[in-house]
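Everything on this sheet refers to the single structure shown next.
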Amino acid sequence: MRIINSHTHLIDTSVVFAEDQLHYLEYLKGIPTFSDLEAVVAMLSLESLLAQMDEAAIDKSVLFAMDGPLLTASNQFVADVCSKMPDRFLGFASVDPKKKDACETLTHAIGKLKLKGLKLHPPLQNFYPNDKNVWPVYSLASDLGIPVVFHVGTTPFGSLVKLKQADPILIDDIANDFPNLKIILTHLGTLWHNESFMIVEKHPNVFIDTAAYPYEIAEILTEKLIMRVGEEKFIFGTDFPMPYERKMHRIKDFVDVFEKIDLSPELKERILFSNFKTIMNGVV
Ligand SMILES: [Zn+2]
56 MRIINSHTHL
66 IDTSVVFAED
76 QLHYLEYLKG
86 IPTFSDLEAV
96 VAMLSLESLL
106 AQMDEAAIDK
116 SVLFAMDGPL
126 LTASNQFVAD
136 VCSKMPDRFL
146 GFASVDPKKK
156 DACETLTHAI
166 GKLKLKGLKL
176 HPPLQNFYPN
186 DKNVWPVYSL
196 ASDLGIPVVF
206 HVGTTPFGSL
216 VKLKQADPIL
226 IDDIANDFPN
236 LKIILTHLGT
246 LWHNESFMIV
256 EKHPNVFIDT
266 AAYPYEIAEI
276 LTEKLIMRVG
286 EEKFIFGTDF
296 PMPYERKMHR
306 IKDFVDVFEK
316 IDLSPELKER
326 ILFSNFKTIM
336 NGVV
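Residue numbers for the sequence shown follow the numbering used here, so the first one is 56 and each next one is one higher.
As C-alpha cells, this is what we get:
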C-alpha cells in the first residue's frame, strides 16, 4: 500500500541555534515533551527522516516550512530538500501573516520554489487565524489552488504561545468565507478533538491529519467517527520528529497502529494515501 506522511518537520538548526534565537529554547524547559531535547535535535537530519520513512515504507513525506521561532525552516530550505529528492518529499510553504510581504512570499514560494501548500501555526506565529488582516493570504491560497494547514489545539511551547489562537472554532470563519479553499487541521485536534471534528464535519472543504499520539489514533479514530465526519476527511501524518508518550518519534509506530486498528482496508488506504492525493488534485 502506498503511504504519504502528510506532516513532518526538518528545522534549520543554523537559525534555531543561532545566538540571537537561543532564548526561545528557555520556553521548552520543564515541558515533558522536550525532556530529552538533545535526543530530538539529534534526529533532525534528512538522513534520519529518510531512514524512518524507509523503515515504515513511507513513499513520500510533506515537509513544512516555518516562518516563526523554534521550528524555523525557510521556504528555500524546504524547497532545496524537495528539489533534491522530488520522489520522496513535497514541501509546504510558510509565511508570517503579520508581515506586509506575506502574499508576495507565498506567490514566490508556490510559483518559483514549487512548494505545494501553506502551513500556518497561529500560536507559534502569534496571530489569530480569523483575523481579517489575514484574509488576503487565504484569498491568494484559494486562487492558487493550494491547501492551507492550520495547527489547532494544544501546543508544547509553554508561555511563548497562547492557546486561544489555536482554537479550532476560529477556523469556522475562514471555511465560511473561503468555500473553495482546502483547509487541513492537525493532530486530530491536539486534545481539542471534538471542536475540531465539528469544523471538519460542517465544512466540505476542511480536513484533518492524524499526527496525534498513537494511543489517541487507536482510541479516537473509530469507523463510526469517520463515517459521521466523512471518510474523505482524514489524512495520515506523524509530526516527525516530535516525541510522544515519553518516547522518541518513530514513524513506524504510527503505521503499526493503523495496521492494528479496526477500520476496513478501504478506509485505511484512503487515510494513508488517497485522501491526501485527492486534496492535492492528484499531484503527489
Ligand atoms: Zn507539526
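Glycine included, each C-beta is placed from N, C-alpha and C at the ideal position.
Residue range of the beta strand (DSSP E) that LYS174 falls in? Here the beta strand (DSSP E) through LYS174 covers 172 to 175.
With 16 other CB atoms within 10 Å as the buried threshold, where does SER149 fall? With 16 or more Cβ atoms within 10 Å of its Cβ, SER149 is classed as buried.
Do THR88 and PRO178 have their beta-carbon atoms positioned less than 9 angstroms apart in this structure? Cβ distance not < 9 angstroms, so PRO178 and THR88 don't count as in contact.
Extract the residue ranges of the beta strand (DSSP E) inside the stretch 113 to 149, only unbroken runs of 3 or more that lie entirely within it. The stretch 113 to 149 contains these whole beta strand (DSSP E) runs: 115 to 119 and 144 to 148.
Would you report the Cα separation of HIS380 and PHE295, rounded to the nearest angstrom? Absent from the model: residue 380. The displayed extent of the chain is 56 to 339, so no value can be given.
Nearest to ILE66 by alpha carbon, out of TRP247, SER214, MET297 and HIS78? Of the candidates TRP247, SER214, MET297 and HIS78, MET297 places its Cα closest to the Cα of ILE66.
Taking ALA112 as the reference, which of ALA273, ASN231, ILE334 and ARG143 has the closest Cα? By alpha-carbon distance to ALA112, the top candidate from ALA273, ASN231, ILE334 and ARG143 is ARG143.
Is the beta carbon of ALA230 closer than 9 angstroms to that of VAL261? Cβ atoms of VAL261 and ALA230: closer than 9 angstroms.
Compare the C-alpha of GLU110 against each of ILE316, ILE58 and ASP151 and name the closest. Considering only alpha carbons, the answer is ILE58.
Candidates ASP151, LEU77, LEU280 and VAL339, of which the one nearest MET253 by Cα: In terms of Cα proximity to MET253, the closest of ASP151, LEU77, LEU280 and VAL339 is LEU280.
Just the C-alpha distance for PHE147 and VAL96, rounded to the nearest angstrom, thanks. Answer to the nearest angstrom: the Cα atoms are 21 angstroms apart.
Consider the C-beta atom of ALA196 and the heavy atoms of ligand 1; say whether any pair is separated by less than 8 angstroms. In this structure, the C-beta of ALA196 stays at least 8 angstroms away from each heavy atom of ligand 1.
Assigned secondary structure, TYR270 (DSSP; H/G/I helix, E/B strand, else coil): In this structure, TYR270 counts as helix in the three-state DSSP scheme.
Measure the Cβ-Cβ separation of ALA134 and ALA164 and say whether it is below 9 angstroms. Inclusion of ALA134 and ALA164 in the CB contact set at 9 angstroms is warranted, their separation being smaller than that value.
Given a cut-off of 9 angstroms on the beta-carbon distance, is the pair LYS302 and ASN330 in contact? Between LYS302 and ASN330, the gap from beta carbon to beta carbon reaches 9 angstroms or more.
Starting from HIS62, trace the beta strand (DSSP E) in both directions and tell me its first and last residue. Segment 59 to 63, the beta strand (DSSP E) holding HIS62.
Run through the DSSP bridge pairs and tell me what VAL261 is partnered with. Its beta-bridge partners are ILE238.
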